[in-house]
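Undergrad:
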Amino acid sequence: GAVVSQHPSRVICKSGTSVKIECRSLDFQATTMFWYRQFPKQSLMLMATSNEGSKATYEQGVEKDKFLINHASLTLSTLTVTSAHPEDSSFYICSARDSSPYTDTQYFGPGTRLTVL
Amino acid sequence: AQSVTQLDSHVSVSEGTPVLLRCNYSSSYSPSLFWYVQHPNKGLQLLLKYTSAATLVKGINGFEAEFKKSETSFHLTKPSAHMSDAAEYFCVVRYSGGGADGLTFGKGTHLIIQP
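In structure tokens, the structure reads:
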């Protein structure tokens, strides 16, 4: 089946620093990728939709200057958490939608656990 | 607006007995509905999806779900639970609009399998 990878799987950083998370579709092309955030024992909340070659679309309440998204190729999207603070600590999950015709399934990455000290 | 309600935050069953995880949705038009499973420290795995074809959808690992429009429900079932089924299950609805195509997740149901 289709595989989506995320790197790193875990990251610990100091408050005020920036962290970049990569999301890759390994065996398919994805014109659209999505970034979600999951707090402990809670559901996933969509943060933004990442479109290859264009600006990301952010959900209401998500600061676009705080969470920078770049989707420079059909297999890679990156999320950069800028000037991270402890409240940004969370589990970040990406998904990628297969661009092939007749399919609309989203495949999820394994997630990245961010801890901001 | 679209929303998904998972009626139980926790469900506990004995191994070998049936599983029922309940989900109701709200959508202004025919939705696409999904069930995903999340094992601890693992990514989400698609169990099954409904996209306006057959109302009874069969998924992986013996799971199935029935789309009932009259009840706006999409409950997940399995005839016989296995220990490996212990995980978090999410009922999900997909919406389209404005170029976005994200998923709306229910709050999740934690399935516990008793030996």
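As given, the protein sequences belong to chains A and B, one line each in that order.
Using my numbering, you'd call the opening residue of the first sequence number 1 and step up by one each time.
Using my numbering, you'd call the opening residue of the second sequence number 1001 and step up by one each time.
Backbone N, C-alpha and C fix where the C-beta goes; we use that ideal spot for every residue, glycine too.
Keep in mind the model is a prediction, meaning the values are calculated, not measured.
Using the Cβ count rule (16 or more neighbours within 10 Å means buried), how would you classify His1082(B)?
TA: His1082(B) should be labelled exposed.
Undergrad: Whose C-beta lies closer than 8 angstroms to the C-beta of Gly1098(B) among residues of the same chain, with five residues either side of it excluded?
TA: In this prediction, Gly1098(B) scores a pLDDT of 40, lower than 50, which makes its location untrustworthy; the coordinate-derived value is nonetheless stated afterwards. Nothing meets the Cβ criterion.
Undergrad: List, from N- to C-terminal side, the beta strand (DSSP E) runs of 3 residues or more that fit wholly inside the region 1027-1101 of chain B.
TA: Counting only runs of 3 or more, we get 1032-1038, 1044-1050, 1056-1058, 1064-1068, 1073-1078 and 1087-1094.
Undergrad: Reducing DSSP to helix, strand and coil, say where Glu59(A) ends up.
TA: In the structure shown, Glu59(A) sits in coil (DSSP, three-state: anything other than H, G, I, E or B).
Undergrad: Run through chain B and tell me which residues come within less than 7 angstroms of Thr78(A), C-beta to C-beta.
TA: Neighbours of Thr78(A) on chain B: none; closest Cβ ~18 angstroms, over 7 angstroms.
Undergrad: Hey, could you find the ends of the beta strand (DSSP E) Lys20(A) is sitting in?
TA: That run of the beta strand (DSSP E) goes Val19 to Ser25.
Undergrad: Evaluate Ala72(A) with the Cβ neighbour count: other Cβ atoms within 10 Å of its Cβ, from every protein chain shown; 16 or more gives buried, anything less gives exposed.
TA: Ala72(A) should be labelled exposed.
Undergrad: Residues of chain A with CB under 7 angstroms from Phe1105(B), in chain order?
TA: Ordered by position in chain A, the residues that pass the 7 angstroms Cβ test against Phe1105(B) are Ser43 and Leu44.
Undergrad: For the beta strand (DSSP E) containing Leu74(A), name the first residue and the last one.
TA: No beta strand (DSSP E) contains Leu74(A), which DSSP labels as neither H nor E.
Undergrad: Please confirm if Lys1117(B) has its CB atom under 8 angstroms from at least one CB of chain A.
TA: Nothing in the structure corresponds to residue 1117(B), since chain B is present only between 1001 and 1115.
Undergrad: Using a beta-carbon distance below 8 angstroms, is Phe1074(B) in contact with chain A?
TA: No - not a single Cβ of chain A is within 8 angstroms of the one on Phe1074(B).
Undergrad: Less than 8 angstroms between the C-beta atoms of Lys130(A) and Thr75(A), yes or no?
TA: One cannot answer for residue 130(A) here, as it falls past the ends of chain A, which runs 1 to 117.
Undergrad: Counting only the same chain and skipping the five closest in sequence on each side, list residues whose C-beta sits under 7 angstroms from that of Gln6(A).
TA: Around Gln6(A): Ile21, Glu22, Cys23, Cys94, Gly109, Pro110, Gly111 and Thr112.
Undergrad: Report the rounded CA-to-CA distance for Asp65(A) versus Phe91(A), giving the unit in angstroms.
TA: Looking at the two C-alpha atoms, the distance is approximately 19 angstroms.
Undergrad: Considering only the beta carbon of each residue, do Leu1044(B) and Trp1035(B) sit closer than 8 angstroms?
TA: Cβ atoms of Leu1044(B) and Trp1035(B): not closer than 8 angstroms.
Undergrad: Can you list, in chain order, the residues of its chain with a C-beta nearer than 6 angstroms to that of Val1037(B)? Leave out the 5 residues immediately preceding and following it.
TA: The answer, listed in chain order, is Gln1045, Leu1047, Ala1087 and Tyr1089.
Undergrad: Going by C-alpha distance, which of Leu1033(B), Leu1103(B) and Thr1077(B) is nearest Asn1061(B)?
TA: Of Leu1033(B), Leu1103(B) and Thr1077(B), the residue nearest in Cα terms is Thr1077(B).
Undergrad: Per DSSP, which residues does His7(A) bridge with? Please list them.
TA: Looking at the DSSP assignment, His7(A) forms a beta bridge with Glu22(A).
Undergrad: Confirm, please, whether the CB-CB distance from Thr1104(B) to Ser1009(B) is below 8 angstroms.
TA: Their beta carbons are not under 8 angstroms apart, which means Ser1009(B) does not touch Thr1104(B) by this criterion.
Undergrad: Buried or exposed: which applies to Gly53(A), given that a residue is buried once 16 or more other Cβ atoms fall within 10 Å of its Cβ?
TA: That one is exposed.
Undergrad: Between the region 1017-1034 of chain B and chain A, which residues of the former have a C-beta closer than 8 angstroms to a C-beta of the latter?
TA: Listed by position, the residues of the region 1017-1034 of chain B near chain A (Cβ gap below 8 angstroms) are Ser1032.
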